[in-house]
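Top line first, the protein sequences correspond to chains A and B. If you use numbering that gives the first Met the number 0, the first sequence closes out at 233, no skipped numbers anywhere. If you use numbering that gives the first Met the number 0, the second sequence closes out at 233, no skipped numbers anywhere. Just so you know, even glycine gets a beta-carbon here, dropped at the ideal spot from N, CA and C. Reading through the structure tokens given below for one structure.
There are 2 protein chains.
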Amino acid sequence: MSGTLFGLGIGPGDPDLITLKALKILQKATVIAYPAPDKGDSLARSIVESHLPGNQEEIIIRTPMVAGNTPAHDVYDEYAVVIEDHLEEGRDVAVLCEGDPFFYGSFMYIFERLAHRYDSEIIPGVSSLMACAAQANFPLASRKDILTVLPGPLGEDELERRLADTDAAAIMKVGRHLDKIVRVLKKLDLTEKAIYVEHATMTNTKTLTIAELEKAKAPYFSMILVQKRGEAWV
Amino acid sequence: MSGTLFGLGIGPGDPDLITLKALKILQKATVIAYPAPDKGDSLARSIVESHLPGNQEEIIIRTPMVAGNTPAHDVYDEYAVVIEDHLEEGRDVAVLCEGDPFFYGSFMYIFERLAHRYDSEIIPGVSSLMACAAQANFPLASRKDILTVLPGPLGEDELERRLADTDAAAIMKVGRHLDKIVRVLKKLDLTEKAIYVEHATMTNTKTLTIAELEKAKAPYFSMILVQKRGEAWV
Numbered sequence: 000m001s002g003t004l005f006g007l008g009i010g011p012g013d014p015d016l017i018t019l020k021a022l023k024i025l026q027k028a029t030v031i032a033y034p035a036p037d038k039g040d041s042l043a044r045s046i047v048e049s050h051l052p053g054n055q056e057e058i059i060i061r062t063p064m065v066a067g068n069t070p071a072h073d074v075y076d077e078y079a080v081v082i083e084d085h086l087e088e089g090r091d092v093a094v095l096c097e098g099d100p101f102f103y104g105s106f107m108y109i110f111e112r113l114a115h116r117y118d119s120e121i122i123p124g125v126s127s128l129m130a131c132a133a134q135a136n137f138p139l140a141s142r143k144d145i146l147t148v149l150p151g152p153l154g155e156d157e158l159e160r161r162l163a164d165t166d167a168a169a170i171m172k173v174g175r176h177l178d179k180i181v182r183v184l185k186k187l188d189l190t191e192k193a194i195y196v197e198h199a200t201m202t203n204t205k206t207l208t209i210a211e212l213e214k215a216k217a218p219y220f221s222m223i224l225v226q227k228r229g230e231a232w233v
Numbered sequence: 000m001s002g003t004l005f006g007l008g009i010g011p012g013d014p015d016l017i018t019l020k021a022l023k024i025l026q027k028a029t030v031i032a033y034p035a036p037d038k039g040d041s042l043a044r045s046i047v048e049s050h051l052p053g054n055q056e057e058i059i060i061r062t063p064m065v066a067g068n069t070p071a072h073d074v075y076d077e078y079a080v081v082i083e084d085h086l087e088e089g090r091d092v093a094v095l096c097e098g099d100p101f102f103y104g105s106f107m108y109i110f111e112r113l114a115h116r117y118d119s120e121i122i123p124g125v126s127s128l129m130a131c132a133a134q135a136n137f138p139l140a141s142r143k144d145i146l147t148v149l150p151g152p153l154g155e156d157e158l159e160r161r162l163a164d165t166d167a168a169a170i171m172k173v174g175r176h177l178d179k180i181v182r183v184l185k186k187l188d189l190t191e192k193a194i195y196v197e198h199a200t201m202t203n204t205k206t207l208t209i210a211e212l213e214k215a216k217a218p219y220f221s222m223i224l225v226q227k228r229g230e231a232w233v
């Protein structure tokens, strides 16, 4: 009998924000796999490190970032084969996913290669979206709000159009797109209704107003939240 | 010294989808508070029931649903005073929130009344959005996708306009708006790229294609997910 492929949401960074369900699967799986940069440590592994039993086989999915943040498809082809070998031998493989597996994560590339041929189970996790809102004490959406999740690399005009036409928004992966996003927020007079959060729930987290943010340098793991009724809450 | 107000994300329904952090606070808080309908049991309390130490004071926030799902503001005024009394006496109060506290939850009404005057901490949870995607094996958003979260009661024309203009969408609280939503999905030729989920991660969960869904009756806790590139994954 083949093993099961788990997409394991491990939460946004605080090791205590893993669910009981993910923790049980994490500690029981024969093999764990996790993404890591070309060189250096895996953030996903560091999040769960204190929970690991220490006797598991580990697959480090080294994913070099190529131009434009495009994932290297041949890398996923290669690792899918490694994971598949374990599944074929009847070993369960838990792929660690920062945040939630199906919310802007790289697990999807493994999932689309293997899930139609093996038993798979997705364990949802606390996403960066919820983590940032909690970290900033920023109620995100309620009642009949329309919430739009926008990727930072979006063109300036489109970003403006979509921010103008929503009740609440989260702009993900701010990084080098910070200046553009701040310009759009100013143009739409939304700077007072937005908040910036980086590394939510991690020890190095930072929350800033848009005014405080100018001239700052945003890391990749940063987000700007907008809530047009925000002034009532903060 | 005053107590702390916790907004405690307890996850979407499976008791094991609570985080370690929320569990610790849940079991340590002197007082817990949770929403319940006018008559009948609290879903939030039932989710955490197996985790409760059994020696806590419990505040049942009875919230009658009035016309148009408007929350009864005087109800929240009243319960805020009850919670405030505990905080004033130095007792921590954990308000249980299904899913995540700041993602379409009623905790916001307590938060806006008390958070500016007492220490408060929000513990993010696994939201219904992530739970539905996981339950349905439905990758929701990746890379540069724009994801739009739409409330079911939205007017038909606006629903159509917004669904036409996004990469992925989640339509929340489908309930009695099912027929309208299905009409719009058909008009936009999106029925094959959408999935229906009710009671995600609970024992009575159900996942249906839009074709299977016709003539079904959707409960309040149901969602339709749309991913325009969906056919590549399912």
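| Asked | Found |
| --- | --- |
| Taking the alpha-carbon of A43 (chain B) as reference, which of B:L187, B:E56, B:P11 has the nearest alpha-carbon? | B:P11 |
| Contact check, I58 (chain B) vs S41 (chain B) under 8 Å by CB: the rounded distance? | The pair is not a contact, with the Cβ atoms about 11 Å apart (cut-off 8 Å). |
| In angstroms, rounded to a whole number, what distance separates the CA positions of F101 (chain A) and G124 (chain A)? | 9 Å |
| Please identify, using Cβ separations under 9 Å, the residues of the region 11 to 23 of chain B that lie next to chain A, in order along the chain. | P11, D13, P14, D15, L16, I17, T18, L19, K20, A21, L22, K23 |
| Drop a sphere of 10 angstroms on the beta-carbon of M0 (chain B), count the other beta-carbons inside from all chains shown, and report buried for 16 or more, exposed for fewer. | exposed |
| Taking C-beta pairs closer than 8 Å, name the residues in chain B that K143 (chain A) reaches, listed in chain order. | P150, P152, L153 |
| Roughly how many angstroms lie between the CA atoms of L19 (chain A) and Y33 (chain B), to the nearest whole one? | 21 Å |
| Going by the beta-carbon positions, is the gap between I145 (chain A) and I223 (chain A) smaller than 7 Å? | no |
| Measuring only the C-alpha atoms, how far is P138 (chain B) from Q226 (chain B)? | 8 Å |
| With a threshold of 7 Å between beta carbons, is P218 (chain A) in contact with chain B? | no |
| Taking Cβ-Cβ distances shorter than 7 Å, what residues in chain B pair up with M222 (chain A)? | None at all; the shortest Cβ gap to chain B is about 13 Å. |
| Cβ closer than 7 Å: which chain B residues qualify as neighbours of V125 (chain A)? | T18, P123, G124, V125 |
| Hey, does F101 (chain A) have any beta-carbon neighbour from chain B nearer than 7 Å? | yes |
| Do you know how far the Cα of Y75 (chain B) is from the Cα of W232 (chain B)? | With a pLDDT of 43 at W232 (chain B), under the threshold of 50, the predicted position of this residue should be treated as unreliable, and no value is reported. |
| Just to check my reading of the structure: A172 (chain B) and G154 (chain B) have Cβ atoms closer than 8 Å, yes? What is that Cβ distance to the nearest angstrom? | For the sequence presented, residue 172 (chain B) should be read as Lys rather than Ala. The pair is not a contact, with the Cβ atoms about 15 Å apart (cut-off 8 Å). |
| Counting only runs of 4+ residues fully inside the region 51 to 131 of chain A, write out the alpha helix (DSSP H) ranges in chain order. | 72 to 87, 106 to 113 |
| Would you identify the three-state DSSP class for T208 (chain B), choosing helix, strand or coil? | strand |
| Determine whether the Cβ of E230 (chain B) lies closer than 7 Å to any Cβ atom of chain A. | For E230 (chain B), the predicted model reports a pLDDT of 46, less than 50, meaning its position is unreliable and no value from the coordinates is stated. |
| Have a look at E230 (chain A) and I46 (chain B) and give me their C-alpha separation to the nearest angstrom. | Note that E230 (chain A) scores a pLDDT of 46, beneath 50, so its modelled location is shaky; the value from the coordinates is reported in the next line. Whole-angstrom Cα-Cα distance: 33 Å. |
| Is the shortest distance between the beta-carbon of T204 (chain B) and the beta-carbons of chain A less than 7 Å? | no |
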